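These notes concern the structure reproduced below.
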Amino acid sequence: MADDALTARAPFGGLAISAAPGNGVRVAERGGLALATVHVRRGQITALTERVRARFGIELPPGPHRRVAGDVAFAGIAPEAWLASSEEDSNGFARSLEAAIGDLASVADQSSGYAVLRMTGPKLRETLAKILPLDLHPRVFLPGDVASTIASHVGATLWRLEDGADGSPVFEIAVFRSLAGSFWHCLASSAAEFGFARRETLSSGMPNQ
Amino acid sequence: MRIQCPYCGERDLSEFAYHGDAAFRRPDPDAPDAAARFFEALYLRENPAGPHEELWYHASGCRSWLRVTRNTRTHEILAVSFPKPSASA
Amino acid sequence: MNAREQQEVAQPNRLAGAGRIDRSRPLSFRFDGRRYTGFAGDTLASALLAANVRLVGRSFKYHRPRGILTAGSEEPNALVELRDGARREANTRATVAELYDGLDARSQNRWPSLALDVGAASSLFAPLLVAGFYYKTFMWPAALWEKLYEPAIRRAAGLGRASQEADPDSYEKAHAFCDVLIVGAGPAGLAAASAAASAGARVILCDEDFLLGGRLNSERFEIDGMRGASWAQQVEAELRSHPEVRILRRTTVFGTYDGGLSGARSFGALERVADHVPIPPAHQPRQRLWKIVAKRTVLTAGAVERPIVFGGNDRPGVMMASAVRTYLNRFGVVPGRRAALFTTSDDGWKAAFDLAAVGVRVVAIIDARREVAPALLAAAEHIETQVLCGAQVVDAHGARGLDRITVRDHAGERVQFRVDVLAVSGGWNPSVALSTHVGGRPRWADTIAAFVPDGMPRGMVVAGAAGGSFTLADALREGAAAGAEAAQATGFTTVPRPDLPVSDELTAVVPLWSVEASESKAFVDFQHDVTCEDVALAAREGFRSVEHLKRYTTLGMATDQGRASSINGHAIMAALTERAIPELGTTTSRPPYTPVALAAFAGIHRGKHFKPTRLTSGHAWAEARGATFMESGDWLRAQWFAAPGETDWLSIVSREVKTVRSGVGVCDVSTLGKIDIQGQGAASFLDRVYSNLFSTLPIGRVRYGLMLREDGLVMDDGTSARLAPRHYIMSTTTANAAKVMRHLEHARQVLWPELDVQIVSVTEQWAQYAIAGPNARHLLERLLGDAIDVSNSAFPYLACAEFAWRGVTARLFRISFSGELAYELAVPARFGDSAIRAILSAGEPFGVVPYGIEALSVMRIEKGHVTGNELNGTTTAADVGLGRMMSTKKDFIGRVLAQRPGLADPDRPQLIGIRPVDPSARLYGGAHFLKLGEEATLANDQGYVTSVAFSPMLGHWIGLGLLVRGRERRGERLRAHSPVRGGEVEVEVVAPVFFDPDGARLHG
Amino acid sequence: MSVDAAKCIFDIAEIQFVGRAVAIIGGTICRLYHSAEAVALMHYSIFNLMRQALSGHRGWGPAWRDATPKSTYDVVIIGGGGHGLATAHYLAKVHGISNVAVLERGWIGSGNAGRNTTIIRSNYLLPGNNPFYEWSMKLWEGLEQDLNYNAMVSQRGVLNIYHSDAQRDTYARRGNAMRMHGVDAELLDAAGVRRMLPFLDYESARFPIHGGLLQRRGGTARHDAVVWGFARAASDRGVDIIQNCEVTGFIRAAGRIVGVETTRGAIRASKIGMAVAGSSSRVAALAGLTLPIESHVLQAFVSEAIKPFIAGVVTFGAGHFYISQSDKGGLVFGGDLDGYNSYAQRGNLPTVEDVCEGAMALMPAIGRVRVLRSWGGVMDMSMDGSPIIDRTGIEGLYLNAGWCYGGFKATPASGWCFAHLLARDESHEVARAYRLDRFASGHLIDERGVGAQPNLH
Ligand SMILES: Cc1cc2nc3c(=O)[nH]c(=O)nc-3n(C[C@H](O)[C@H](O)[C@H](O)COP(=O)(O)OP(=O)(O)OC[C@H]3O[C@@H](n4cnc5c(N)ncnc54)[C@H](O)[C@@H]3O)c2cc1C
Ligand SMILES: NC(=O)c1ccc[n+]([C@@H]2O[C@H](COP(=O)([O-])OP(=O)(O)OC[C@H]3O[C@@H](n4cnc5c(N)ncnc54)[C@H](O)[C@@H]3O)[C@@H](O)[C@H]2O)c1
Ligand SMILES: Cc1cc2nc3c(=O)[nH]c(=O)nc-3n(C[C@H](O)[C@H](O)[C@H](O)COP(=O)(O)O)c2cc1C
Ligand SMILES: [Zn+2]
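Residue numbers (numbering that gives the first Met the number 0), protein chains in the order written: chain A, 0 to 208; chain B, 0 to 88; chain C, 0 to 1003; chain D, 0 to 456.
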């Protein structure tokens, strides 16, 4: 039978948006993002750090921080473990990563494992305060900081980007794909009082970086 | 209660899962008295009232297992570290 | 009649001008069905007093008429039912209920009406209803206890009624972090906040009141040349200008909890976001639970004035002196026309002066102390009143409200005064609660005859009245100092500020706990009707520790937790047993500081959102196919797929099974745990965590594995596939996925950190579908084309492979749970929806059907595969017939302890199959096995049925069970005894494999 | 007389149970009892209550003698909780051994007996447990008469709700085991539960209610009254109840234990029984013993008193929540352990939230009811979730421990069996399985099947 390529489905796709007009919080799905977990092999941390520097021009962060170069980013999610991401959506990312560092680290494709949202808006911090047990004060949680935590019963990994043009904070959050709906409910009801808007693409009214 | 994860920083109790006394070591399975030693290691607890070395799992964080010294009378956290110097160090 | 006049009629006790209420906003409300009006800024209590309503409730035991005693959250008497229908709230304190337009409240614990409450007849039996009377009675005849006595007691129990309908309002939780948390916004708190804020610290200032200022709103203080209340407003404005300051009004810090290494500590606080409006506005919660983490905390919670125990001290019209001032100065309400004051402290006198100042006739000032500061006596000259020192009020009279008091003067003479309000001041109790929640024990301070905080929680300091410093000057000074210290301690620099000039204050107090000479009932705990006699009885009967006293008499166990009054009971006990109060100590105070609605602790987690719901990427498709879903942990899984017109679940499931066994079917198995395991040590790691060998598993092959707990019992089973020499993919059961992951991380990080192993969950990355049935291969050939050769030779039973397919990386495993020729195809989850549709269309020619977990379960029972029902945490590998999987070639977790006699005992129940002797009979899970003809006793118990199913292939019910020495007992007939299902079936013991015993179909 | 007036008088009769209901039979009681027994203490009866009422209740004496320690006793019991006091009572009553002291660190009932959620039931699955707890239930049913103290045993039923077929079958298995031992058990379907508790969430539940396992004889008892009742009865039979007397060490002679050091001096005894629940490991350590026990904190909660509307005990099968309503009107509820070792008698906020989320998931109708107070107790969590009543291997020292959060219901039987062990040096038949060596031998009694992880039991 015909070998028509499989089509991807976005985890947040089709999730209803609660009737809460306004722009306090704006979100857009990061459907395109390619993701892979990287766990360094025993005793290879120095070698891996050098390899990543050489191949991607990224200084592998030892702690919970995210470093970006071009399309690729490495976010520390655990001791000796990172969530690597690539903007250009290809199922090949994990594979190319494997080829680049597979001898020094175990690489696992997670492009489908997580549902990722970019979030911004003047009321974002107030909204996230209802969800995350983290201190997101601008002086405490800086751009490039990463945190794995629990977002009212849903495991989540959060990182901060540079503030948007309008001065609003910008965060991205990754939750397990199967939990997208539950997280969405929690986010939407927490943002409702401030107004909650969804953008279909990053370009449409979302800070692009 | 808040636990200082060496990787994530100080986090709320709700992110962690408790395992128990950190003293547990797997005895030598081939020792003649292995059965008795395994029984003691798995079942007997000092269960002190005061400082207690215990294992916690940062289940909703970095998934590290942590060795926490905590006072069981006051819940005061006295020290937190990884169970062993990290594998690749 | 114009509006103003109307108000005057409606609010006879409202003073012109005075108070911090908004007279431009009259609000109408109802109490016991009658309409009244008050003003914005009123509480229900102040509005009722303004309308001259004094009787507002009935007491718990004796149904005594009760009025308004206080003006704060410590109120024991004025409890009402607020709102109605699903929003009905029992026991709401009128003294803190903020008035809103249309407020509807009712009095409680009375029938048929507040004025004539037949319950009051119980006071006839008062002599019988002493503390603990029920422990001494109702014992005979035993039968009557349940039938008559207890129902009667229960009918008398409780005050208000719960709505008994689901709460329609929403609630939410929020987290906040700060350098300095300040609990209470009186002068001390405001001073602390302003000091810390000006240093740039992140400050959270909470007050349970809807106005900041604390006592400043209640007293006629001067600060810095302005009215205290105005000063408070000025500071509030200043604070609001600081970006790092968060002011939480209507927010009670209810609990102090544990902290961490850094010294930061957790607190619980409740913000009443919308309790002051009829219903919460759109998208607004009714209440918000704050979880606050503070590096430093300043406790400026103030103090609570305590009553004096004397006859009739509970009559409506008897009121705390501080409350009298609050109603006068804050609400512009005179609580009565003819007043008297009964005090043991200088502070109380303020009430007399403030009353006189607004023209209320103060007939007498009764001060129990023989010596009183000349300044006070001099001031009293200016109001024409009679001052009696060394005197005591022995009795307060008046059926529904106070009308007379009897006073015993210093000479012992009895004099009576006609009054309608008696202001009482027995001294002040610092609000120490939050300093004790994590173990601190308050210390007795003789100077103020009260307990003050001691052994403060790390990071917390106290200032102002909460610490026992009772003058305004001290409150301001200590507050400012504490705020500055806290800011410095968290890394900010502060500039010293001069003390503000304030009106000075006399604070001397000589406690008088109770008035001996009283004849009528003298109340210690108002709400619970605990009297002086009850305390004496407790002493007599040996309940002398404060904790026994509390539990025997219920002193301090009411909704006010005895915040103001328990100390009187303790003092009386001390006197009776000739001990000093500090020797008795205090009872433990516990969170919450004031009662918190249960729903607030739940936030958004109720109904469907009680727990998160996990959906597979095939969910939308399954829904469209008419699947019925069931909970499986947090997941929703398709139970079965009803075809149009199908209704009976059993026939649907049977249809699904038959189609799979005769053709082909597909099932979403994405929920099974998938763990990616890599590294040099991966193979030996698996050898240690599985009971059987995996280092010997060839590349490109899958093996069934059994995992034990260290105690030797089975933990989980699953498969592991070897994709590359150092790369395995493990699968776990859906239920145990997280548990296994944690177990493996423990083994990796704690047990064997020297091994080179990396493990990560990829459960969410892969959508996985089981394709099972004689036509499974044909379907796959059509589906996968030449992406991979699935012929039996190229891809035999237990083969696995990773390959590229339609632009994605796919994985194929030839494993079978159903016992059929079967494969599991995995694709990245975002293609899961697309893949399942592709599978269905590829399967069309073969009549493929989707099947759910019921059909899956039927087939696994037909095959005798064990699941959670059998692997229930109490079974060994041998019990469930997997003894052979216990490798003898190596050590592994659970090996040693599995050899304990109790676990190796041949008499343990073993896995068997059963079928009903009468083929038409239905089997039930949970039935117990008994030998034929043996009595149904525990002694005769032979085991139990773990799983049952109707086998469409065999046409009758089949089951699995655990039976003592089961493997030896094939062919034996037994009773499957299930009284709770009202039945018993005779069954025959058979091998736990009902279908295709030699597994020919697997290999086909 | 108008209908209303009639109703109102009727209500008086009902509300004023003391005035009428009891008065009616008061006389009979005392006549009976007077002939029955002459007691040292004033007998508790409505008759004496009324007589005392006339004299301002001046005549009541101490409920129990607040004794000072003697130098020697036949038996010393460490721990003045329910179990220790019950043991003393039955030693005196059943075995005629009354030269007994109960040593209590603080005030009697200050431990878990005084802070538990008072549920009594015998709905156990395993043969090691079931007969023991049913024996306890039988003792509860006769306790008032035995003690002449109204412990308010109230058999309003215990209902465990299930949410899936698998859970139903496990409950069926348990219910069947109960029935086979003559314990009452009924398996209800969803409709049956709805009839009992119409206000649960049946429409929008995340985990729909499928039914429940009901034991009608289960219910609650007034926790403090149990302590005081046993104390009074034991004291009445000559047992010394010694408060503010903490055991700080053991006295040994010739390899056996012959006494205890206490904060009130040394006390010798030929047999010493430990019944210190949450403190078991600490006291055992004084004798050089290490136990298969961890101490964990369990929190409990009570709401403001409201008019009763929850009849019996209800437990939620899909979350951590159980509830009953006290005779005073407070909703008494709880959930799971906090999960970490603790001797602090208090817990933290996450557990409070977890319990209340369970409450709202099952009973949204109590959402506006206010939580009045929360507290914690120190649980002696054993490694298989079941108790130990056994010798210790040290001559003269006996152990009663490992009650987890289920030992209140066990109080009478625990006392009965521990007394039996102390008096006869052999285990009582219903407590045979509660051996200390079962962990080594693998004869575990693990109702939940979670293994050697105490905080999961
Ligand atoms: C919150 C909570 C809820 C519970 N709910 C239930 C329930 O609903 N149903 C149920 O069946 N069970 C329940 N339990 C469990 C039950 O309360 C306990 O298992 C039982 O009370 C333990 O027996 P006890 O009464 O003898 O213990 P305790 O009352 O704790 O008695 C032990 C006594 O020993 C004393 N002691 C300790 N060390 C020393 C020493 N060195 N010297 C002298 N004395 C010492 C202590 O002060 C204490 O008074 C609950 C427990 C808690 C904490
Ligand atoms: N003369 C005397 O004998 C005497 C005695 C006591 C108090 N006082 C007066 O009282 C004042 C004391 O000032 P202060 O600031 O110490 O106390 P305060 O009573 O003025 O303020 C305390 C504030 O804390 C709030 N509060 C209490 N518990 C809270 C909680 N858990 N959460 C949130 N808010 C809470 C209260 O609503 C109140 O507004 C001074 O003006 C002093 O003159 C005088
Ligand atoms: C069944 C039961 C009912 C209770 N009811 C109340 C109550 O109505 N009011 C109250 O203040 N405390 C009540 N409590 C809690 C006690 O006040 C106290 O918190 C508990 O016994 C633990 O003691 P502690 O807090 O002093 O440590 C109750 C406790 C139990 C076990
Ligand atoms: Zn961490």
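Backbone N, C-alpha and C define an ideal beta-carbon position, used for all residues, glycine too.
The structure presented is a predicted model; accordingly, all values stated were derived computationally and were not measured.
- Residues of chain C whose Cβ lies closer than 7 Å to the Cβ of lysine 327/D are, in chain order, Ala156.
- Under the three-state reduction of DSSP output, tryptophan 639/C falls in the strand class.
- Not one heavy atom of ligand 1 sits closer than 7 Å to the Cβ of leucine 443/D.
- Valine 246/D counts as buried, since at least 16 other C-beta atoms from the protein chains shown sit within 10 angstroms of its C-beta.
- In the three-state scheme derived from DSSP, where H, G and I count as helix and E and B as strand, cysteine 355/D is classed as helix.
- For histidine 282/C, the residues of chain A that pass the 7 Å Cβ criterion are Ala19, Ala191 and Glu192, in the order they occur in the chain.
- Aspartate 11/B reaches chain A at Pro132, counting residues in chain order whose Cβ is nearer than 7 Å.
- Using a CB distance below 8 Å, the part of the region 382-400 of chain D facing chain B consists of Met382, ordered along the chain.
- Minimum Cα-Cα distance from arginine 336/C among the listed residues Ala834/C, Val371/C and Arg403/C corresponds to Arg403/C.
- The residue from Asp41/C, Ile651/C and Phe30/C with its alpha-carbon nearest to that of serine 23/C is Asp41/C.
- Taking a Cβ-Cβ threshold of 8 Å, none of the residues of chain D is close to histidine 57/B; the smallest such distance is about 14 Å.
- Contact with chain D is found for phenylalanine 609/C, since one of that chain's Cβ atoms lies less than 8 Å from the residue's Cβ.
- Nearest to lysine 408/D by C-alpha distance, out of Ser121/D, Arg114/D and His94/D, is Ser121/D.
- Less than 8 Å separates the beta-carbon of phenylalanine 59/C from that of glutamine 526/C.
- Here glutamate 49/A is exposed, its C-beta having fewer than 16 other C-beta atoms within 10 Å.
- The three-state secondary structure of cysteine 403/D, taken from DSSP, is coil.
- Taking C-beta atoms as the reference points, valine 663/C and phenylalanine 845/C count as a pair closer than 8 Å.
- Only exposed fits phenylalanine 802/C, as fewer than 16 other CB atoms lie within 10 angstroms of its CB.
- Shown here for threonine 343/C: same chain residues with a beta carbon closer than 8 Å to its own, the five before and five after excluded, namely Ile307, Asp366, Ala367, Arg368, Ser424, Gly425, Gly426, Val508, Val509, Pro510 and Leu511 in chain order.
- Within 9 Å of the CB of phenylalanine 438/D, the CB atoms of chain B belong to Phe38, Leu41, Tyr42 and Leu43, in sequence order along the chain.
- A Cβ-Cβ contact shorter than 8 Å links alanine 771/C with glutamate 819/C.
- Residues of chain B with a Cβ closer than 9 Å to the Cβ of asparagine 111/D do not exist, since the nearest Cβ in that chain sits about 16 Å away.
- The Cβ-Cβ distance between arginine 267/D and cysteine 244/D does not fall below 8 Å.
- Cβ proximity to chain B below 9 Å picks out Gly75, Ile76, Ala77, Pro78, Glu79 and Ala80 from the region 68-97 of chain A.
- At least one beta carbon of chain B lies nearer than 8 Å to the beta carbon of proline 752/C.
- Taking 8 Å as the upper bound for CB-CB distance, arginine 245/C and isoleucine 203/C are in contact here, some 5 Å apart.
- Residue ranges of uninterrupted alpha helix (DSSP H) with 4 or more members, entirely inside the region 371-446 of chain D and ordered along the chain, are 410-423 and 437-440.
- For threonine 410/D, the distance from the CB to the nearest heavy atom of ligand 1 is below 7 Å.
- For the pair lysine 610/C and aspartate 633/C, the CB atoms are nearer than the 8 Å cut-off.
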